[in-house]
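What follows is one structure encoded as structure tokens, with my remarks underneath.
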Amino acid sequence: MATRDKHMRTSIKGLFCLSIVLAAGMGLAQTRLRAWNIHPDGYPVTEAMKSFAAEVAKTTQGKYQIEIFSNAALGDQPKAVQMLKAGEIDIAEFSAGPLSDAVPGIKVLNLPFLFTDSAHMFRHLDGKLGQRFAASLKAAGFVVLGWYDGGARSFYCASRTVTNVRELAGANIRVQQSEIYTEMVKLLNARPVALPYKDVLDGLQQGKIDCAENNMPSYESTGHYKVAKNVFVTNHVISPEALVVSTQLWSKLGQEEQAAFSAAGARSALLMRELWSKRVALALEVTAGQGVQFVKVKDTSSMIRRMSPLYDRYMKDPTTRQELLSIIAQ
């Protein structure tokens, strides 16, 4: 009898220990998340996202492990938007384009000459305007964790040297598929050419386009500078990008976890902006060393006057009027 009681106590003790081990194992169970961006390794966006992933893993004691798929490895940006909504990816870094498809008011951020520089833009996005955009995006399925720097865009040409805005007249200029960019080029008396980004270099080499426009790190990293050595520095569009998570994921996080994700996102945004500034300086140094000629626009007022019809259209649009007025007022 005593032996049987001893065996029973041993069995119970073993089961108790096993339950503790299983409970601990469940507590340490990892949730793997997939994060997308369009940029290569080493790019400020990718490095900032790596920092975000590391901080989330640390602050959640390893519960959330984020795998970053860079270089659009899972598909292009339009596909990634659909994947985020479908729950096939959890986190992404998007430009203002697809975000404005979800929230039309964000279109104003792509208007030419709206911001004087990135600091001016972030004064708004880190304040009430950014909060309004974030609330609207959340309702559309995107939870904003941080505003990243999309850079300042300028024109660069292969077949002509541009020293003033009049010399852009008649040029075939590659633009991304956006009504704002298309109309902007038309108002400069040039011809907009919608060409996939991956085809721009060939387009410049083959004479299908005379010019393109983009930020300087993109201009340098794609090798466009090897063909288009004339840069007309206009900084005509200064726009943001955003680190977002899906509302599907967000709804599954506890309050402490949401706070951890938000804090990591905000810090990654500050890191990205710092890395971006250094990357711009490096791009300018590299391209100048390869014989690129930079001509800075002397007076943007004439270009801004040409944009009046574009501004009038968005001022009349009720979905963009409030945002535009709040920026102009300050």
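Under this note's numbering, the first residue of the sequence shown is numbered 3, with each subsequent residue one higher.
Idealized CB from N, CA, C, for every residue including glycine.
No experiment lies behind these values; they were computed from the predicted model shown.
Given this structure, state the Cα-to-Cα distance separating residue i from residue j, to the nearest angstrom.
i: L312; j: I182; result: 8 angstroms
i: T62; j: E259; result: 7 angstroms
i: S328; j: F117; result: 12 angstroms
i: S264; j: L189; result: 41 angstroms
i: G152; j: P242; result: 5 angstroms
i: M51; j: A173; result: 38 angstroms
i: G77; j: A88; result: 14 angstroms
i: M28; j: W38; result: At M28, the pLDDT of 45 sits below 50, so the modelled position is not reliable and the matter cannot be decided from this model.
i: V177; j: S310; result: 20 angstroms
i: Y158; j: E185; result: 18 angstroms
i: Y199; j: A75; result: 16 angstroms
i: L86; j: D92; result: 6 angstroms
i: A136; j: T321; result: 15 angstroms
i: I295; j: D119; result: Per the sequence presented here, residue 295 reads as Gln, with Ile not at that position. Roughly 22 angstroms separates the two Cα atoms.
i: A244; j: L101; result: 9 angstroms
i: R36; j: I330; result: 38 angstroms
i: L206; j: C213; result: 7 angstroms
i: E325; j: D128; result: 14 angstroms
i: I306; j: A192; result: 16 angstroms
i: P80; j: E90; result: 14 angstroms
i: K318; j: Q292; result: 45 angstroms
i: R323; j: R308; result: 20 angstroms
How should residue i be labelled, buried or exposed, when 16 other C-beta atoms within 10 angstroms of its C-beta is the threshold for buried?
i: E287; result: exposed
i: T163; result: exposed
i: G209; result: exposed
i: S253; result: exposed
i: P333; result: Residue 333 lies beyond the range of the chain shown here (3 to 332); nothing can be said about it.
i: D314; result: exposed
i: P114; result: buried
i: A230; result: buried
i: H126; result: buried
i: D201; result: exposed
i: I175; result: buried
i: A2; result: Given a span of 3 to 332 for the chain in the structure shown, any question on residue 2 remains unanswerable.
i: P46; result: buried
i: A25; result: The pLDDT assigned to A25 is 42, lower than 50, so where the model puts this residue is not dependable, and the model offers no usable value.
i: C196; result: The sequence shown places Ala at residue 196, not Cys. With fewer than 16 other Cβ atoms within 10 Å, it is exposed.
Would you list the residues sitting across from residue i in a DSSP beta bridge?
i: N174; result: R193
i: T48; result: None, per the DSSP bridge assignment.
i: F296; result: V233
i: G64; result: Beta-bridge pairing links G64 to no other residue.
i: I240; result: A154
i: E69; result: R36
i: A94; result: W38, V246
i: E215; result: F157
i: G148; result: L245
Can you tell which of the options has the C-alpha that lies nearest to the C-alpha of residue i?
i: S248; options: F144, E222, I175; result: F144
i: A268; options: L203, Y150, S220; result: Y150
i: V187; options: D201, S270, L197, L170; result: L170
i: S180; options: M85, R162, P194, L190; result: P194
i: E57; options: A261, A82, T289; result: A261
i: L277; options: Q207, G44, D103; result: G44
i: L139; options: A104, N237, R34; result: A104
i: N112; options: V239, L251, R34, A244; result: V239
i: G148; options: Q207, Q133, H122; result: Q133
i: A142; options: P106, E90, A196; result: P106
i: T33; options: L251, Q295, Q257, L326; result: L251
i: T165; options: E325, D301, E90; result: D301
i: K228; options: A160, A266, R275, I211; result: A160
i: S53; options: P80, A266, K318; result: A266
i: F71; options: R275, P80, P42; result: P42
State yes or no: is the C-beta of residue i within less than 9 angstroms of the C-beta of residue j?
i: N232; j: V282; result: no
i: I40; j: A55; result: no
i: K298; j: V235; result: yes
i: F96; j: V246; result: yes
i: L273; j: E49; result: yes
i: K109; j: Y316; result: yes
i: S304; j: V167; result: yes
i: R82; j: A94; result: What sits at residue 82 in the sequence shown is Ala, not Arg. In contact: A82 and A94 (Cβ atoms closer than 9 angstroms).
i: A154; j: N237; result: yes
i: L203; j: G225; result: yes
i: K60; j: A31; result: no
i: E222; j: T289; result: yes
Quick one: is residue i near chain D, going by C-beta distance under 9 angstroms?
i: P106; result: This model lacks chain D altogether, as it is built from one protein chain only.
For a test of your reading of the model: does the CB of residue i fall under 8 angstroms from any non-hydrogen atom of the ligand FMN? Yes or no.
i: G291; result: The ligand FMN is not part of this structure, which contains no ligands at all.
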